[in-house]
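Q:
In UniProt numbering, the protein residues as written are 1 to 178.
#1: In whole angstroms, what separates the C-alpha of residue 50 from that of residue 81?
#2: Between the C-alpha atoms of residue 68 and residue 13, what's the straight-line distance to the nearest angstrom?
#3: Give the single residue among 22, 39 and 47 whose Cα lies nearest to the Cα of residue 126.
#4: Cα separation between residue 122 and residue 92?
#5: In three-state DSSP terms, what is residue 35?
#6: Would you kindly work out how many angstroms separate the C-alpha atoms of residue 9 and residue 22, rounded to a whole number?
#7: Could you please give the first and the last residue of the uninterrupted alpha helix (DSSP H) stretch that includes residue 65?
#8: Leaving aside the five residues before and after residue 73 along the sequence, list all residues of the same chain whose C-beta is less than 7 Å from its C-beta, in chain order.
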């Protein structure tokens, strides 16, 4: 009889814990997604009117389709590249060709993102354009602060220590004079 009571208590406890889990993690999907979507952040910050919102939704759908198509191409090329890992003989020309194609796809991704942001900027009024410019600048520089950079390498390609150039940035070359 005591074993059954212990099982009932344990079963009751597990039901309560599962209910808590379901309520907290699956019961509130809208709350978690809000604020994590970059476009909803941009829309909120720029305070778009209804017409701008409608155009923005159209632009986002179009942009998303293009990005997915390009990303699928990148995945296919990377699969083709890394499927050659177990090949006994690796043809360097094939590897170079595939990586060059991947580079072209990455370029296409960057261009698509650029033109998407440009089309968003064209939706904005002058005040919104300034705010949008600030948002983009912050997004591009986020994570690139001095403290987030990896430490400079101690040696050159052959493992030898590089000579100290005497500048404030150590072994970094000075910027070109224009």
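Just so you know, even glycine gets a beta-carbon here, dropped at the ideal spot from N, CA and C.
A: So, to answer that:
#1: 46 Å
#2: 44 Å
#3: 47
#4: 45 Å
#5: Residue confidence for residue 35 is low, a pLDDT of 49 falling below 50, so the modelled location carries little weight; the figure read from the coordinates is stated next. If DSSP states are grouped into helix, strand and coil, residue 35 belongs with coil.
#6: 20 Å
#7: 50-82
#8: 105
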